[in-house]
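Engineer: Mind looking over this structure? Questions follow.
Protein chains in written order, with the working numbering: chain U, 4 to 337; chain C, 11 to 106.
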């Protein structure tokens, strides 16, 4: 999902080498041929400065997304309708925290410290996925996030398992393995309400789906013709499949799933196209996307404030743990 | 910005079940060894992926330099006689 970084960055001239030494040119050439051969790049290998910078931005923002992504669902842990749903939701939110940690660790191999990354998040310099700036108003939102948001995330993340940067690819393999439970539990939760629930509960599910559908389509990033950094990402093997291709794949899968569930999507233009063998969908409101990315979504301020508060409130714990560890080391040395 | 107050980095190795090697699976920050083990359990074995965990301070690991790759590993390249397939034996005993 969570990979909007490439689309929301300014153009920085790709990896066109500026004036460089003969040695750098040779390193660049070796790097290019390794990428062409489908080889993985490891943390200590030589890489172009812009490759490192782009990846650092993408992996750290991906990590931020996982951590901020704990907030909308965390909102419902204390109010889950049954003990079973509460245990499931706790496990899922804990997974998201774990995913954030895998990704921070991958990002750190690119030469940034954890504190630097968190500082970039807390100061508003670094972005996270726009989807987490929407509120979770009802219990059905938790199911809709699992089904649609995590469904879109999986669609987006599976190709990154083949990313050219190995530490990122390895983190993604681990994440994708765990993510499938997230989507299934969400669908299962909605299905129970649709099949065994009251009319009010069914209406609640439909209302949640109405609110999440369009923001989910935006998760894949701007249309291909407005995604100037995509080509460079493809060249580097960071991006494997285009935004529109992934979005279409998601729509095609979701339409079928919605039928099983018995809900509709809020798009009058959604119809089967016999010629393309895909579902056509209506125009996405990209002004909303850019507004939310730019900081003016329904919950941007609340999400960031919650993260900053958690970090600040935890400061004495981090310091105490470190002081204790230092004291123990001294005691052992004595 | 200062990173003096960052908890140190640890590498995590997990043995999935008895009989297998411990395998590197990632890293994490923790203040001390005990916390590193507990966090490794929480971060890397939430689905019974492990029966044993090692944690090692990252700064205690000595690693080869990727730049030395050729020097270190190429000498093995022309020693085909170290592989069993180098030896062509008569069919009747070739399963040896």
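In this text, a Cβ means the ideal position worked out from N, Cα and C, and glycines have one as well.
(1) What does the Cβ neighbour count give for residue 318 of chain U, buried or exposed, with the cut at 16 atoms within 10 Å?
(2) Since residue 290 of chain U is in the alpha helix (DSSP H), which residue starts that stretch and which ends it?
(3) So, for residue 14 of chain C: in the same chain, excluding its five sequence neighbours on each side, which residues have a beta-carbon less than 7 Å away from its beta-carbon?
(4) Could you name the residues of the same chain whose beta carbon sits closer than 6 Å to that of residue 303 of chain U, not counting the 5 residues immediately before and after it, in chain order?
(5) Have a look at the DSSP bridge pairing and note the partners of residue 15 of chain C.
(6) Taking 8 Å as the limit between beta carbons, can you name the residues of its chain near residue 80 of chain U, skipping five residues before and five after?
(7) When we look at the beta-carbon of residue 93 of chain C and count the other beta-carbons within 10 Å, is it buried (16 or more) or exposed?
(8) Since residue 44 of chain U and residue 233 of chain U are thought to touch, with beta carbons under 8 Å apart, how far apart are those beta carbons, to the nearest angstrom?
(9) Since residue 94 of chain C meets chain U, which of its residues come closer than 7 Å, beta carbon to beta carbon?
(10) Rounded to whole angstroms, what's the CA-CA distance from residue 97 of chain C to residue 87 of chain C? Just pull it up for me.
(11) Tell me, please, which residues DSSP counts as bridged to residue 34 of chain C.
(12) Whose CA, out of U/179, U/74 and U/38, lies closest to the CA of residue 155 of chain U?
(13) Counting along the chain, where does the beta strand (DSSP E) carrying residue 66 of chain C start and finish?
(14) Quick one: which residues of the region 88-103 of chain U get their C-beta closer than 9 Å to a C-beta of chain C? List them in chain order.
(15) My output table needs one value for residue 185 of chain U: the three-state DSSP class, helix, strand or coil.
(16) Taking buried to mean at least 16 other C-beta atoms within 10 Å of its own C-beta, is residue 54 of chain U buried or exposed?
(17) Counting C-beta neighbours from all protein chains within 10 Å, is the total for residue 105 of chain C 16 or more, i.e. buried, or is it exposed?
Structural biologist: In terms of the structure at hand:
(1) Residue 318 of chain U should be labelled exposed.
(2) From DSSP, the alpha helix (DSSP H) with residue 290 of chain U extends over 289-294.
(3) Around residue 14 of chain C, the same chain offers no residue with a beta carbon nearer than 7 Å, after the five sequence neighbours per side are excluded.
(4) Counting only Cβ-Cβ distances below 6 Å, and skipping sequence neighbours, we find 136.
(5) For residue 15 of chain C, which the question treats as bridged, DSSP gives no partner whatsoever.
(6) If we look at residue 80 of chain U and ignore the five residues flanking it on each side, its Cβ neighbours are 89, 92, 93 and 96.
(7) Sixteen is the threshold: since fewer than 16 other Cβ atoms of the shown chains lie within 10 Å of the Cβ of residue 93 of chain C, the residue is exposed.
(8) Contact doesn't hold; Cβ gap of about 19 Å is too wide.
(9) Within chain U, no residue comes near residue 94 of chain C; the closest Cβ sits about 28 Å away, beyond 7 Å.
(10) Rounded to the nearest angstrom, the gap between the Cα atoms of residue 97 of chain C and residue 87 of chain C is 17 Å.
(11) C/23, per the DSSP bridge assignment.
(12) With distances taken between Cα atoms, residue 155 of chain U lies closest to U/179.
(13) For residue 66 of chain C, the uninterrupted beta strand (DSSP E) segment begins and ends at 62-67.
(14) Within the region 88-103 of chain U, the residues whose Cβ lies closer than 9 Å to some Cβ of chain C are 94, 97, 98, 100 and 101, listed in chain order.
(15) If DSSP states are grouped into helix, strand and coil, residue 185 of chain U belongs with the helices.
(16) Looking at its Cβ environment, which holds 16 or more other Cβ atoms inside 10 Å, residue 54 of chain U is buried.
(17) Per the 10 Å Cβ criterion, exposed.
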